[in-house]
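J.:
Protein chains: 4
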Amino acid sequence: MKNIGIVTSGGDAPGMNAAIRAVVRVAHSKDLKVTGFKKGWHGLIRNDCMVLTPRSVSGIIQHGGTILHTSRCPEFNTEEGVEKGCESLASNNIDGLVVIGGDGSFRAALELGNKSGVPMIGIPATIDNDVFGTDETIGFDTAVNTAVQQIDKIRDTAVSHDRIFVVEVMGRKRGFLASTVGITVGAEIILVPEVEFIAENVFEIIRENAEKGKKSGIIVAAEGIGDTHQLTKDIRENTGLETRLSILGYAQRGGNPTARSRLLASLFGNRSVELLFEGQGNKAVVFQNGSVKSIDIKDSCEGEKRLDLSLIRLAEILAK
Amino acid sequence: MKNIGIVTSGGDAPGMNAAIRAVVRVAHSKDLKVTGFKKGWHGLIRNDCMVLTPRSVSGIIQHGGTILHTSRCPEFNTEEGVEKGCESLASNNIDGLVVIGGDGSFRAALELGNKSGVPMIGIPATIDNDVFGTDETIGFDTAVNTAVQQIDKIRDTAVSHDRIFVVEVMGRKRGFLASTVGITVGAEIILVPEVEFIAENVFEIIRENAEKGKKSGIIVAAEGIGDTHQLTKDIRENTGLETRLSILGYAQRGGNPTARSRLLASLFGNRSVELLFEGQGNKAVVFQNGSVKSIDIKDSCEGEKRLDLSLIRLAEILAK
Amino acid sequence: MKNIGIVTSGGDAPGMNAAIRAVVRVAHSKDLKVTGFKKGWHGLIRNDCMVLTPRSVSGIIQHGGTILHTSRCPEFNTEEGVEKGCESLASNNIDGLVVIGGDGSFRAALELGNKSGVPMIGIPATIDNDVFGTDETIGFDTAVNTAVQQIDKIRDTAVSHDRIFVVEVMGRKRGFLASTVGITVGAEIILVPEVEFIAENVFEIIRENAEKGKKSGIIVAAEGIGDTHQLTKDIRENTGLETRLSILGYAQRGGNPTARSRLLASLFGNRSVELLFEGQGNKAVVFQNGSVKSIDIKDSCEGEKRLDLSLIRLAEILAK
Amino acid sequence: MKNIGIVTSGGDAPGMNAAIRAVVRVAHSKDLKVTGFKKGWHGLIRNDCMVLTPRSVSGIIQHGGTILHTSRCPEFNTEEGVEKGCESLASNNIDGLVVIGGDGSFRAALELGNKSGVPMIGIPATIDNDVFGTDETIGFDTAVNTAVQQIDKIRDTAVSHDRIFVVEVMGRKRGFLASTVGITVGAEIILVPEVEFIAENVFEIIRENAEKGKKSGIIVAAEGIGDTHQLTKDIRENTGLETRLSILGYAQRGGNPTARSRLLASLFGNRSVELLFEGQGNKAVVFQNGSVKSIDIKDSCEGEKRLDLSLIRLAEILAK
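Protein chains in written order, with the UniProt record's numbering: chain U, 1 to 320; chain X, 1 to 320; chain A, 1 to 320; chain D, 1 to 320.
(1) Whose C-beta lies closer than 7 angstroms to the C-beta of A/Glu75 among residues of the same chain, with five residues either side of it excluded?
(2) When burial is assigned at 16 or more other CB atoms within 10 Å of the CB, is A/Asp141 buried or exposed?
(3) In terms of residues, what are the limits of the alpha helix (DSSP H) holding A/Thr157?
(4) From the DSSP output, which residues share a beta bridge with D/Ala221?
(5) Using a C-beta cutoff of 8 angstroms, does A/Arg46 count as contacting chain D?
(6) Can you list the residues of chain D that X/Lys320 reaches, using a CB-CB cut of under 8 angstroms?
(7) Would you identify the three-state DSSP class for X/Asn47, choosing helix, strand or coil?
(8) In chain order, what residues of the same chain lie with their CB nearer than 6 angstroms to the CB of U/Gln230, ignoring the 5 residues before and after it?
(9) Does DSSP put D/Phe132 in a helix, in a strand, or in coil?
(10) State the beta-bridge partners of D/Ser58 as determined by DSSP.
(11) In the DSSP assignment, find the alpha helix (DSSP H) that holds X/Asp103 and state where it starts and stops.
(12) Considering only residues of the same chain and omitting the five flanking positions on each side of X/Ser91, which have a CB-CB separation below 8 angstroms?
(13) Give the DSSP-derived three-state secondary structure of D/Asn209 in the structure shown.
(14) Taking only three categories from DSSP, how would you classify X/Met1?
(15) Count the other CB atoms within 10 Å of the CB of U/Arg172; is the residue buried (16 or more) or exposed (fewer)?
(16) Residues of chain A with a CB under 9 angstroms from the CB of U/Asn289: which are they?
(17) So if DSSP puts U/Leu97 in a beta bridge, which residue, or which two residues, is it bridged to?
(18) Which word fits U/Ala222, buried or exposed, when buried means at least 16 other C-beta atoms lie within 10 angstroms of its C-beta?
(19) Quick one, which of A/Val26, A/Lys38 and A/Phe197 has its alpha-carbon nearest A/Pro54's?
(20) Please name the residue in A/Glu111, A/Ile190 and A/Cys86 whose C-alpha comes closest to that of A/Leu309.
(21) DSSP puts D/Gly36 in a beta bridge; with which residues?
(22) For chain X, check one thing: does any of its Cβ atoms lie closer than 8 angstroms to the Cβ of U/Lys102?
(23) Is the Cβ of D/Arg207 closer than 8 angstroms to any Cβ of chain A?
(24) Just curious, the beta strand (DSSP E) that U/Phe287 is in, first and last residue?
(25) Assuming the contact rule is C-beta atoms closer than 8 angstroms, A/Ala265 and A/Ala19 should be a hit. Round their C-beta distance to whole Å, please.
(26) Of all the residues that make up the region 61-73 of chain D, which are near chain A by a beta-carbon distance shorter than 9 angstroms?
(27) Taking the alpha carbon of D/Lys293 as the reference point, which residue from D/Ala147, D/Pro193, D/Ile121 and D/Lys305 has its own alpha carbon closest?
(28) At what residues does the beta strand (DSSP E) containing D/Asp296 begin and finish?
(29) When you compare only the Cα positions, how much space is there between X/Phe268 and X/Val286?
(30) Determine the direct distance from the alpha carbon of U/Ile67 to that of A/Asn209, and round the result to whole angstroms.
(31) Note down, in chain order, all residues in the region 128-147 of chain D with a beta-carbon under 7 angstroms from any beta-carbon belonging to chain X.
(32) Could you name the residues of the same chain whose beta carbon sits closer than 8 angstroms to that of X/Leu314, not counting the 5 residues immediately before and after it, in chain order?
(33) Among U/Lys233, U/Ser71, U/Gln252 and U/Glu274, which residue has its Cα nearest to the Cα of U/Ala178?
(34) If you count every other CB in all the chains shown that lies within 10 Å of the CB of U/Lys39, and 16 or more means buried, which is it?
(35) Tell whether a beta-carbon distance below 8 angstroms holds between D/Asp130 and D/Lys305.
(36) Within the same chain, show all residues whose beta-carbon is closer than 6 angstroms to that of U/Ile219, passing over the 5 residues directly before and after it, in chain order.
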């Protein structure tokens, strides 16, 4: 083991830079060279890369985004794309590749590992927290806090105007972000893609609250639950209350990572290099029950992470 | 002068609470009693009010929203509504009313003042900064900083993905927020309702930047410039670059006020009570050339505040 | 089980309000009445209390501090004090008491529980994270992030001036805060009370970094490591580099709780009421390996929580 | 005019980077080359400099500190130091120098301008806001907001514990920061170097508040008022109330600049290049009565900026 490659892929997540820094500096402490591929799999396909030294990752732990840039790269889903990736790994003498990204990136890494024979280590990084096998992904805690801070502000207006706000947070398929954000902002209602919602029940809760004198309210909805514009309109029409929609959008992806996202990134980065150094590959580093562990990347790709619905039930009780 | 009334009206703005606190405590220092009307003109019409003591405004200077609540109240645009307002002022022995809000609230105050004969003082408070006669309104600085902090986060993703972002900020009719936010986030392009934009010019700037190697970019657009969804789509199609839309939304209205919004609120609140105490009425307190002054509320209602386009021109130079 | 009492005791921690809210609302869902004692044990001794309804804990989840107020109460360490506490519990018909605080509060709860026979449930809340039996306490994550955000700012000045900064964070006896803050700000050196430090080694690391061209640096030191003024002076004299001290101070205790502190508070609050409802007492709710559990409050009082020194060793590698 | 030099000197202030960016890009738009000297006057003396292109100032508008680094440089107070500076200006063909810093930097610029004959433009940048001739300096608004956010957090603990807090903010000689911070956090007492304070009066106000039931309080004190440790002790002993000290420290100097600091920096940077382009020199750009103007740098050096004490008097009324 002499040369480690590193790539960030898929959507960016706050803490990716902290992970890059950890990989580079831990590798350096073990006399390993690190090569960074740029713009996700694009850079691997095009052999667009740079040597990363301990100094080149200085002053990045606190910044969102990724200094290696990232992309979604459909070309890498083709056989030809993976073939080019294998060549690129070979021509740079890469003995092990650290892939920082979500489940899509993990699947691509698995394919590339099988084709190239180069050991792969996946580091789960996505604000969606939807990677199987890990309780938390890099960036999730930051996105949650960004959303919470925004909704705390929206609550000021909701209360001052006695208004209902539907707040759409990210999450096309999964409600991890919505449920954690919902309970921590004290949302009256939380809507996630995993649970089909009955509009009439939503109206009913809002009406009950209004009767008790609670005329403002926050509904946190994952984007995957359907048309939030329509929902907002329906609530207005069915409850007679002023209702507004706010879509939090891309700011949830960026910003300085929280301490927790930085810590997770540092621990994951460290473990990924240790694994490669120990001769292991095709693993994903994960956080389970409070500890960093590793599992087969294949298992992570094949499993489906379940949303803990007890949070949503507790949130309902807490909002009464 | 014994009893002062106070009302917050129209959209809420961060710093309204700081203004209420200042009015109450300065009034108290002059042995004046303060009555707060709730939910804007609604409270005046329905005689829904509360006595405000120095203790009842404790611990509110740092909070967004308004403890008096606010509303848009179409009923107050009717003769009957104003009539009820006059009765309410009389039955509470109000000798002077402080109205905290935007230009709509000022017009209503002017009408009410004429009908009731009670002296009115307007305090300009709106995140839109579109009140004539004052260089700045309460809440504007906070909204600008909220938007800037969000766009700083979005920039992380824009750079990491080499993407163009259209960011829609508040401002249906006026571009004060958009232009100040635009120049301070280093936006490549700023679009305001006051200047008709030519889509082809937007594409051209983006293409030029891309040719120079600058593939990410931020376009700050006031909501009043038209359909930002369409604009985003058009940019994507005409430049071939990944383009995304983010609508910042209602979080711009809330949140803890900045120091500047609190300071302005404190100065305005103080001056408004001083004016009433001096026997003046039908004035708006304003901030002009770095000082607090007062003008006829009528003049504020009749004028139209101009956007300084030189900021936008400078922003263009600074983004090159 | 009809009446639950609740008290916040010792130093305040962000998230205490979220815990109070959870206790009150979960209790309400089980038709239990909640009585809040004010100013910690003082309120119990003096029978200074208030009924807490679901509405009275509205709008507090996002605020630091504690609406019940808190204090350190030496009188409660006396037999007479505890006796008065027992009387107060009896006169208010309290069937179970939830005590929110740190290890000192837990010891007092244990004593009170033994004397009064009233079931006690401890909820660990302290920014120091030094309660045995729980991986995390309410407020810790917030304090860490507050410190990290401050040090990120200090880093700007450190880099711009090529200066060394000693930053003292809270922690008289324990280094939990210092070690987590240290690794997540990328501190060059972390000093904790659990590890005696050799000044010469500190100088040596700073000199080595300077030789490599890294002339700025952050040393995160827990307050319990000794005289940080002297250390700062010694570094200056022994390395010849500009060195400054910054003591972060009390801001670490306050502020809006992070999502994580709110979530932990909500889960702990919920579990504490469930335990009392199930007829259990003299327990502490804790967070172990990613789950909420309960242990004997006696065990929590008798154990000593160990600092994981591997974080500090990793931080050293990451700072190279 | 072909080559402009730029230097940041003295203490760093948030927004210096935004000013550098503005100078470089406006200069570029006028086909001027920009040379940046590093580490303040040190870099000029040692001819340590770099060419600054529009791309080299990309992505810095939102960062605190200064990419050119800065220092306090006693050598530049000697004749020999200034002589070397003149040589460095000549050898780099500098036709005009923009100096970003406080009053000390302005005095040095004046001396250097006189000796070298090269036109100098001063841009006032210091968190202390103590530069004569300008209502506001770059960085002041950011430092105020940083302090305010910290004190908002401290207030949580003050209220929860019924404690008095003495909070020391920066300002060795002047109370601009203390007075603006004090009024905007709602401080009960503000102490500035410009006004000798009588300890007994401080105790009296605290005692009066306590009698009215207001047992917590914030005293904002500029560091220049004397020994705040002693003051804290004296308050404790003379009022019998729990009193704590918190020194905000260096975090006030750093952090992402607020919108206002960025805007001021952009306007100042622009005007400084325009002045040089127009053939003017030995001027300071300033902000007066809401507009950017220029004055003789000599006048700025010779005047003494007065603190507006009416803010402190108003703060007293507002804290009752």
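C-beta: ideal position from N, C-alpha, C; glycine also.
Since the model is a prediction, treat every value here as computed from it, not as a measurement.
T.: On the basis of the supplied data:
(1) By 1-based counting over the third sequence, the position of residue 75 of chain A is 75. Here the set comprises Ile45 and Gly81.
(2) For the purposes of this step, residue 141 of chain A is taken as residue 141 along the third sequence, with counting starting at 1. With 16 or more other Cβ atoms within 10 Å, it is buried.
(3) Taking the third sequence and counting its residues from 1, one reaches residue 157 of chain A at position 157. Residues Phe140 to His161.
(4) Numbered from its first residue, the fourth sequence carries residue 221 of chain D at position 221. D/Glu168 and D/Leu191, per the DSSP bridge assignment.
(5) Numbered from its first residue, the third sequence carries residue 46 of chain A at position 46. No, no contact with chain D.
(6) The residue labelled residue 320 of chain X in the question sits at position 320 within the second sequence. Chain D residues near X/Lys320: Arg25, His28, Ser29 and Pro54.
(7) The residue labelled residue 47 of chain X in the question sits at position 47 within the second sequence. DSSP places X/Asn47 in coil when its eight states are reduced to three.
(8) The count along the first sequence starts at 1 and reaches residue 230 of chain U at position 230. Contacts found: none.
(9) Residue mapping note: residue 132 of chain D aligns to position 132 of the fourth sequence, counting from 1. In this structure, D/Phe132 counts as coil in the three-state DSSP scheme.
(10) Taking the first residue of the fourth sequence as position 1, residue 58 of chain D is located at position 58. In the DSSP output, where bridge partners are listed per residue, D/Ser58 has none listed.
(11) Your numbering for residue 103 of chain X matches position 103 in the second sequence. X/Asp103 -> alpha helix (DSSP H) spans Asp103 to Ser116.
(12) Taking the second sequence and counting its residues from 1, the one referred to as residue 91 of chain X is at position 91. Within the same chain, X/Ser91 has close Cβ partners Asn47.
(13) In the fourth sequence, counting from the first residue as 1, residue 209 of chain D sits at position 209. Correct three-state label for D/Asn209: helix.
(14) Here residue 1 of chain X refers to the residue found at position 1 of the second sequence. The answer is coil: DSSP assigns X/Met1 none of H, G, I, E or B.
(15) By 1-based counting over the first sequence, the position of residue 172 of chain U is 172. Exposed is the call here.
(16) Counting from 1 along the first sequence, the entry for residue 289 of chain U is found at position 289. Ordered by position in chain A, the residues that pass the 9 angstroms Cβ test against U/Asn289 are Gln288, Asn289, Gly290 and Ser291.
(17) Along the first sequence, one-based indexing puts residue 97 of chain U at 97. According to DSSP, which records beta bridges pairwise, U/Leu97 is partnered with U/Gly5 and U/Met120.
(18) Locating residue 222 of chain U in the first sequence gives position 222, where the first residue counts as 1. The residue is buried, with at least 16 neighbouring Cβ atoms inside 10 Å.
(19) Translated into the one-based positions of the third sequence, residue 54 of chain A becomes position 54. That would be A/Val26, whose Cα lies nearest to the Cα of A/Pro54.
(20) The residue given as residue 309 of chain A occupies position 309 in the third sequence. For the residues A/Glu111, A/Ile190 and A/Cys86, the minimum Cα distance to A/Leu309 belongs to A/Ile190.
(21) In the fourth sequence, the residue the question calls residue 36 of chain D occupies position 36. DSSP output for D/Gly36 lists D/Ile6 and D/Met50 as bridge partner(s).
(22) On the first sequence, residue 102 of chain U is found 102 positions in, with the first residue counted as 1. Reading off the sequence shown, one finds Gly at residue 102 of chain U, where the question assumed Lys. No - not a single Cβ of chain X is within 8 angstroms of the one on U/Gly102.
(23) To locate residue 207 of chain D, count along the fourth sequence from 1; it is residue 207. No, D/Arg207 does not count as interfacial toward chain A.
(24) Here residue 287 of chain U refers to the residue found at position 287 when the first sequence is read from its first residue. That run of the beta strand (DSSP E) goes Lys283 to Gln288.
(25) Position 265 of the third sequence, counted from the start, is the residue given in the question as residue 265 of chain A. Position 19 of the third sequence, counted from the start, is the residue given in the question as residue 19 of chain A. That pair is a contact at about 4 angstroms.
(26) His63, Gly64, Gly65, Thr66, Ile67, Leu68, His69, Thr70, Ser71 and Arg72
(27) The residue given as residue 293 of chain D occupies position 293 in the fourth sequence. Looking at the Cα atoms, D/Ile121 is the closest of the given residues.
(28) Reading the fourth sequence from its first residue, position 296 is the one you call residue 296 of chain D. Looking at the DSSP string, the run of the beta strand (DSSP E) that includes D/Asp296 is Ser291 to Asp296.
(29) To locate residue 268 of chain X, count along the second sequence from 1; it is residue 268. To locate residue 286 of chain X, count along the second sequence from 1; it is residue 286. Approximately 7 angstroms between the Cα atoms of the pair.
(30) Here residue 209 of chain A refers to the residue found at position 209 when the third sequence is read from its first residue. Here residue 67 of chain U refers to the residue found at position 67 when the first sequence is read from its first residue. Going by the C-alpha atoms only, they are around 24 angstroms apart.
(31) Asp135, Asp141, Val144 and Asn145
(32) Taking the second sequence and counting its residues from 1, one reaches residue 314 of chain X at position 314. Closer than 8 angstroms at Cβ, skipping near neighbours: Ile183.
(33) Here residue 178 of chain U refers to the residue found at position 178 of the first sequence. It is U/Gln252.
(34) Sequence index remark: in the first sequence, residue 39 of chain U carries index 39 (1-based). Looking at its Cβ environment, which holds 16 or more other Cβ atoms inside 10 Å, U/Lys39 is buried.
(35) By one-based count along the fourth sequence, residue 130 of chain D stands at place 130. By one-based count along the fourth sequence, residue 305 of chain D stands at place 305. Going by C-beta atoms, D/Asp130 is nearer than 8 angstroms to D/Lys305.
(36) Translated into positions along the first sequence, residue 219 of chain U becomes position 219. Closer than 6 angstroms at the Cβ level, and outside the excluded window around U/Ile219, lie Val166 and Ile189.
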